[in-house]
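Notes for the one structure printed next.
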Amino acid sequence: LNPRSHSFSGTLPKPLIWADPGPMVATGSPVTIWCQGSLRADTYRLFKAGDPAYDTWAPWDSRDKASFPLGSAHWDTAGLYHCAYHVSGSWSRQSDPLQLVVTGMYSAPLLSAHPSPVVALGEKVTLLCSLRDMSGTSYLLKEGGAATPQPMAPSLSRGRWLSLFSLDPVTHTHGGTYRCYGSSSHNGFLWSQPSNPLELQVTGVDRPPSLTAQPGSLLLSGDSVTLQCHSGSSFDRFALVKDSEPTVPPHLDGQHSPVFPLGPVGHSQGGRYRCYGGHSLSSTWSAPSAPLDILVAVPGLSPGEPSAGVGGDPRGRDSEKGRGRGSSLLGLPSKPQP
26 LNPRSHSFSG TLPKPLIWAD PGPMVATGSP VTIWCQGSLR ADTYRLFKAG
76 DPAYDTWAPW DSRDKASFPL GSAHWDTAGL YHCAYHVSGS WSRQSDPLQL
126 VVTGMYSAPL LSAHPSPVVA LGEKVTLLCS LRDMSGTSYL LKEGGAATPQ
176 PMAPSLSRGR WLSLFSLDPV THTHGGTYRC YGSSSHNGFL WSQPSNPLEL
226 QVTGVDRPPS LTAQPGSLLL SGDSVTLQCH SGSSFDRFAL VKDSEPTVPP
276 HLDGQHSPVF PLGPVGHSQG GRYRCYGGHS LSSTWSAPSA PLDILVAVPG
326 LSPGEPSAGV GGDPRGRDSE KGRGRGSSLL GLPSKPQP
């Protein structure tokens, strides 16, 4: 029996091959390759593509499967592996290839989302993986997503290697946490440390809630107000955002209560608010509520006197009449918003 000269093109079914704990392993961590063939198998062989000297045998009488402990992962552990098994003088066909990747060999890239990590359903977002020293293929992985990472060749820009992963149009399945890796241009199985985690939040998946203010949205400086997000859906997570333009917020920080107390209020609390509803352990959110304007009257400030964040909307002067002379309403946008 001379397995080195054997072509592994026999008639026996090909075995299964896998790595434990997985096909991606951090440098220094233990890894074992398994090969499963037939109950009649008497031995197994593991070999590595591109390395003719690599020839590892499992003990005879291995039966239905055999393990090949590789020890702690390092640079020469990474690569493409196959296995085969032997039954009564015949070898099986080769297994499918196992790509064993070793991570942590290089510094971590940076992962960002443009224009924002919060994106509306049906819109477009681009995830940007930026590396300083690595020109090999970049890979994007989603936690709990597809087992096969998405590859992308980088391009050089201002001294950094950039890979752009476009999600267009965004669906609810795109919500989640992403990381990217860079790989060596000399050995594609040697990867960098993982990038920073980036949570992509998708809005518009559920119908919008409504937002109310108690006791009301017209306040004197020093008053307290409670904003509440109402919905008939079974939301158990709520987010409140304050903005001056009808744009997607840069991030949504959720809480379990739909009640958001504000107070005592000052001019900085005046403005336009929206709320979102969502579900725990999910990165998807409802569409935003209709906007709610919180107006704060500050005694002693003339209606025409400029103040940070206050526009010259004539509605502020009209509404001020009901609050008494010498007060000005803060929080109205500088131009009508939808």
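All the letters of the sequence shown, read from the start, carry residue numbers 26 to 363 under my numbering. Heads up, the beta-carbon is just placed ideally off N, CA and C, and yes, glycines get one too. Bear in mind that the values here come from a model prediction, so they are computed numbers and not experimental data.
**OP:** Kindly confirm or deny that the stretch 283 to 302 and the stretch 253 to 263 touch, where touching means at least three C-beta pairs closer than 8 Å.
**Re:** yes
Original post:
According to the Cβ coordinates, are LEU125 and LEU153 closer than 9 Å?
Top reply: no
Original post:
CA-CA distance, MET177 and GLY241?
Top reply: 52 Å
**OP:** Could you tell me the distance, in whole angstroms, from the CA atom of TRP82 to the CA atom of ALA51?
**Re:** 25 Å
**OP:** Output the distance between the C-alpha atoms of LYS19 and ALA98, rounded to the nearest integer angstrom.
**Re:** Given that the chain is displayed from residue 26 to residue 363, the structure contains no residue 19 and the question cannot be resolved.
Subject >> Check whether HIS197 and LEU252 have beta carbons under 9 Å apart >> reply: no
Original post:
When burial is assigned at 16 or more other CB atoms within 10 Å of the CB, is THR173 buried or exposed?
Top reply: exposed
Subject >> Range of the contiguous beta strand (DSSP E) that encloses GLN124 >> reply: 123 to 128
Original post:
Is HIS197 helix, strand or coil when you go by DSSP?
Top reply: helix
**OP:** Give the DSSP-derived three-state secondary structure of SER217 in the structure shown.
**Re:** coil
Original post:
When you compare only the Cα positions, how much space is there between LEU192 and LEU236?
Top reply: 31 Å
Original post:
Hey, which unbroken runs of the beta strand (DSSP E) at 3 residues or more fall wholly within the stretch 137 to 193?
Top reply: 143 to 145, 150 to 156, 163 to 167, 175 to 177, 180 to 182 and 185 to 192
**OP:** Determine which residues share a DSSP beta bridge with LYS267 and list them.
**Re:** TYR298
Original post:
Given that a residue counts as buried once 16 or more other Cβ atoms are within 10 Å of its Cβ, and exposed if not, what is ALA66?
Top reply: buried
Original post:
In or out: ASP231 buried (at least 16 other Cβ within 10 Å) or exposed?
Top reply: buried
Original post:
Under the three-state reduction of DSSP, which class applies to PRO38: helix, strand or coil?
Top reply: coil
Subject >> Bridge partner(s) assigned by DSSP for ALA91 >> reply: CYS60
**OP:** On the DSSP bridge assignment, give the partners of PHE72 in chain order.
**Re:** HIS107
**OP:** Under 8 Å by Cβ, that's how I've got TYR298 and LEU317 pegged, so tell me the actual separation to the nearest angstrom.
**Re:** 5 Å
Original post:
When you compare each of TYR164, MET159 and GLY169 to LEU181 by their alpha carbons, which one comes out closest?
Top reply: MET159
**OP:** Give a yes or no on whether the C-beta atoms belonging to VAL321 and GLY279 are separated by under 9 Å.
**Re:** no
Original post:
Are TRP310 and THR202 touching if we call contact CB-CB under 9 Å?
Top reply: no
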